[in-house]
Amino acid sequence: MKMNKVSPKIVSVFRTEKFWLLLILLLSAIFRFWEYGSFSYSNDELSAIARAQFPSFSDLVSKGFYVDGHPGGIQVFLWLWIQWFGLTEWIVRFPFVLMGIASVWMTYKVTNLMFGKVSGLFSAATIGFLQFPLLYSQIARPYGPGMLFGLMLVYFWVLIFI
């Protein structure tokens, strides 16, 4: 019985950094989009949505996010997003899911820049599949965007100063 050998080109594809990064990003996206709009709003989301129901921007600023400890940028974003697209769970959460996926990619970029490819892939897989980063990128709160913008800050800080 003769065994067919696997082409060296195919084997080398599975050993490339791009293959594993794309696989991690694909699985991260599947996990984040998996029924993200099917569960009801959390109390945290409901409080943010209630504070985004003001008719004017000045009311939003004075009554919406001055009374809350969270960053005002997310509240302004939610106020605009809800006005444009509505209050359906999957619509409100959609940009936060995208930012969660981008956080996995930025985790790879930061760690690769500082420690190398293997560390970058391992860190991206960790952020891609751990429960808390996964959950917090499925809800409409500042945690997912905060992680993304924090990672972007570190990435550009390292590029500029190190």
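Numbering (the working numbering), first residue to last: 1115 to 1276.
Positions of the beta carbon are idealized from the N, C-alpha and C atoms, including for glycine.
Bear in mind the structure is a predicted one, so any value in this text is a computation, not a measurement.
Going by C-alpha distance, which of the options is nearest residue i?
{"i": "residue 1201", "options": "1164, 1261, 1212", "result": "1164"}
{"i": "residue 1148", "options": "1187, 1253, 1195, 1237", "result": "1253"}
{"i": "residue 1160", "options": "1232, 1251, 1192, 1141", "result": "1192"}
{"i": "residue 1182", "options": "1158, 1205, 1203", "result": "1158"}
{"i": "residue 1203", "options": "1170, 1186, 1150", "result": "1150"}
{"i": "residue 1263", "options": "1190, 1249, 1229, 1221", "result": "1221"}
{"i": "residue 1274", "options": "1227, 1178, 1133", "result": "1227"}
{"i": "residue 1190", "options": "1168, 1205, 1208, 1207", "result": "1168"}
How many whole angstroms separate the CB atoms of residue i and residue j, which I take to be in contact at a CB cut-off of 8 Å?
{"i": "residue 1266", "j": "residue 1247", "result": "Not really, about 16 Å apart at Cβ, beyond 8 Å."}
{"i": "residue 1224", "j": "residue 1269", "result": "5 Å"}
{"i": "residue 1143", "j": "residue 1255", "result": "Not quite, the Cβ-Cβ distance comes to about 20 Å (not below 8 Å), so this is no contact."}
{"i": "residue 1251", "j": "residue 1213", "result": "7 Å"}
What are the boundary residues of the alpha helix (DSSP H) that residue i is part of?
{"i": "residue 1140", "result": "1131 to 1147"}
{"i": "residue 1244", "result": "Unbroken run through residue 1244: none, as it is neither H nor E."}
{"i": "residue 1163", "result": "1157 to 1165"}
{"i": "residue 1153", "result": "No alpha helix (DSSP H) contains residue 1153, which DSSP labels as neither H nor E."}
{"i": "residue 1256", "result": "Counting along the chain, residue 1256 falls outside any alpha helix (DSSP H), and DSSP gives it neither H nor E."}
Does the separation of the CB atoms of residue i and residue j fall below 8 Å?
{"i": "residue 1259", "j": "residue 1188", "result": "yes"}
{"i": "residue 1090", "j": "residue 1241", "result": "In the structure as shown, the chain begins at 1115 and stops at 1276. Residue 1090 is therefore absent and cannot be evaluated."}
{"i": "residue 1135", "j": "residue 1238", "result": "yes"}
{"i": "residue 1145", "j": "residue 1243", "result": "yes"}
Taking only heavy atoms of the ligand COA into account, decide whether any of them is closer than 7 Å to the Cβ of residue i.
{"i": "residue 1208", "result": "No copy of the ligand COA occurs in the structure displayed, which carries no ligand at all."}
Item to complete: Can you check the segment 1167 to 1240 for any alpha helix (DSSP H) of at least 4 residues that lies completely inside it and give the ranges in chain order?
Response: 1186 to 1199, 1203 to 1229
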